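Below you'll find the structure, written out as structure tokens, and then a few comments.
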Amino acid sequence: MDLVTNKIGLNGIIDVPSDKSISHRSIMFGAIAQGKTTIKNFLRGDDCLSTLKAFQDLGVNIEDDGEVITVQGTGFSGLKQAKQAIDVGNSGTTIRLIMGILAGTSFTSQLFGDHSIAKRPMNRVMLPINQMGAECTGHDGTEFPPLTVKGTTNLRPIQYQMPVASAQVKSAILFAALQAHGESVIVEKEKTRDHTEDMIRQFGGDITVSGKEIRINGPQNLVGQDVVVPGDISSAAFFLVAGLIIPDSRITLNNVGLNPTRTGIIDVIQQMGGNLAIQETGNAMNKAGSLIVETSELKGIEISGEIIPRLIDELPIIALLATQAEGATTIRDAEELKVKETNRIDAVATELNKMGADIQPTDDGLIIHGKTPLHHAKVTSYGDHRIGMMLQIAALLVKDGAVELDKAEAISVSYPSFFNDLNKLYQ
Ligand code: S3P
1 MDLVTNKIGL NGIIDVPSDK SISHRSIMFG AIAQGKTTIK NFLRGDDCLS TLKAFQDLGV
61 NIEDDGEVIT VQGTGFSGLK QAKQAIDVGN SGTTIRLIMG ILAGTSFTSQ LFGDHSIAKR
121 PMNRVMLPIN QMGAECTGHD GTEFPPLTVK GTTNLRPIQY QMPVASAQVK SAILFAALQA
181 HGESVIVEKE KTRDHTEDMI RQFGGDITVS GKEIRINGPQ NLVGQDVVVP GDISSAAFFL
241 VAGLIIPDSR ITLNNVGLNP TRTGIIDVIQ QMGGNLAIQE TGNAMNKAGS LIVETSELKG
301 IEISGEIIPR LIDELPIIAL LATQAEGATT IRDAEELKVK ETNRIDAVAT ELNKMGADIQ
361 PTDDGLIIHG KTPLHHAKVT SYGDHRIGMM LQIAALLVKD GAVELDKAEA ISVSYPSFFN
421 DLNKLYQ
């Protein structure tokens, strides 16, 4: 499709779409808890709908009246073997987290997904859950999907030092640990998003977190709750950057979830000199607020270490931000970008360089030299929603012709109303 180009003066207010990570988990917790869970503001993007469908396939009654989703929880023991292989679509969160849940069942499940899922590494989940007693195998002796997960009702607890900083892996182990007999101890490589820990507590479970160490006893029974999903800072990120780099702009993003394990992009914008105001509206447990950005003069910075998991999904759009900052921005310790929906290090460098950026891909990140004007090009999302949205924001700066995006449909994975929201800002 032809992207929107050559805009100045983006102005307006956007209600940010619901958080993808929390939407996935609200269905999962609703299913494994006893009793009814209601979910308001569920994200009806392709990924979260894959999770909803997967749990329906596992025999859970889930209804959507267009406003509220109601999950009649079965508890872990009430899940039933799906009649066919479970399709996770493009969703890494669905396949990885569900592995931890299926690890404790009395049956065998098959999991498959699209072309991108078939290339995503699964050993990171397979090894710990197999150590706990499940039998999970990949396609043709590899670690890649389609996967077979043979559960056991005799899961053992685990002491596990995580080799990667990954909330998906941590969450899968926590779901298995909730079903194991005894205390599990998980030590994170770096602290990652903690929605699973929060929701274990919200659903009446018990978990102890001390720095990077997590202790959890099993088995535990959880109880259904009423969940209200906040807005997704990872979706807000695209319009935060648009407001900062497009001349004469001022954009307000409402109802953004501000869990501190997710707010690395706010720190980066502030360090780069961006004009960003925060009005907090949530409470201490569920931090949320409005973010207001204005066009800013930016400078390059270094982004590395413990902040990386706090902004891992925002790095493509942060790379675009850095193309419009004076001087060099260096992103390090972000090798996980290579195993996302696509290799995001290569995708960001290749596609933005086609448009005139000066970006050098490295083994664990990117070196971006700014400030560079961007020009017309034919680009692709590689089927990756976040690359697609980043390229649309980049296209807004282009004055000399068309920017044609291949595989634009991927955007509906996390932000189905992205183009509508963009339109509102210049009309
Ligand atoms: C997610 C964790 C992150 C993130 C993904 C969502 C989650 O993945 O990139 O979009 O909901 O737990 P990793 O755990 O692979 O870092």
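FYI, the UniProt record's numbering numbers position 367 of the sequence shown as 367, with every residue one higher than the one before it. For every residue, glycine included, the Cβ atom is placed at its ideal position computed from N, Cα and C. Every value quoted in this text rests on a predicted model; they were computed, and no experiment measured them.
Given this structure, state the Cα-to-Cα distance separating residue i from residue j, to the nearest angstrom.
i	j	result
residue 463	Phe42	No statement about residue 463 is possible, as the shown extent of the chain runs from 1 to 427 and does not include it.
Lys287	Thr196	16 Å
Ser412	His385	7 Å
Ile368	Pro361	9 Å
Leu147	Met28	19 Å
Arg44	Gln161	35 Å
Val16	Leu3	21 Å
Gly388	Ala410	7 Å
Asp313	Thr330	16 Å
Glu190	Pro309	7 Å
Leu311	Ile317	10 Å
Gly365	Leu320	14 Å
Thr153	Gly78	12 Å
Ile95	Asp65	26 Å
Ile216	Gln159	11 Å
Leu253	Ser21	19 Å
Glu63	Thr192	31 Å
Asp47	Gln56	15 Å
Thr37	Pro373	50 Å
Ala395	Glu326	20 Å
Met122	Ile200	24 Å
Asn11	Ile86	43 Å
Asn71	Leu52	Looking at the sequence itself, residue 71 is Val, so the reference to Asn does not match. Going from the Cα of Val71 to the Cα of Leu52 covers about 9 Å.
Arg124	Val169	7 Å
Asp267	Phe419	27 Å
Gly257	Ser234	9 Å
For the ligand S3P, is there any heavy atom lying closer than 7 Å to the beta carbon of residue i?
i	result
Arg193	yes
Ser171	yes
Ile359	no
Asp313	yes
Lys340	yes
Ser166	yes
Gly92	yes
His385	no
Ser21	yes
His139	no
His115	no
Glu336	yes
His24	yes
What does a CB cutoff of less than 6 Å around residue i pick up in its chain, not counting 5 residues either side in sequence?
i	result
Thr281	Ala288, Gly289
Ile39	Ser26, Ile69, Val227
Ser184	Pro157, Ile158, Ala177, Ile216
Ile265	Ala237, Leu311, Glu314
Below 7 Å CB to CB, which residues in the same chain sit around residue i once its five sequence neighbours on both sides are set aside?
i	result
Gln271	Ile301
Gly305	Asp333
Val223	Ala33, Gln34, Gly35, Phe203, Gly204
Ser296	Leu244, Gly273, Gly274, Asn275
Asp346	Pro361
With DSSP as the reference, identify every bridge partner of residue i, one or two as the case may be.
i	result
Pro361	Leu366
Asp2	Glu404
Val293	Ile251, Leu276
Lys338	In the DSSP output, where bridge partners are listed per residue, Lys338 has none listed.
Once you ignore the five residues that flank residue i on each side, which residues in its own chain have a CB closer than 8 Å to its CB?
i	result
Ser116	Asn90, Glu341, Thr342, Gly383, Asp384
### Query
In the stretch 162 to 217, which residue ranges form an unbroken alpha helix (DSSP H) of at least 4 residues, counting only runs that do not cross its ends?
167 to 177, 195 to 202
### Query
What are the uninterrupted segments assigned as alpha helix (DSSP H) that are 4 or more residues long and contained completely in the stretch 90 to 126, given in chain order?
92 to 102
### Message
Report the start-end ranges of each alpha helix (DSSP H) in the stretch 217 to 258 that is 4 residues or longer and not cut off at the edges.
### Response
233 to 245
### Task
With a floor of 3 residues, list each beta strand (DSSP E) that falls wholly inside the stretch 42 to 83, ordered by position along the chain.
61 to 64, 68 to 74
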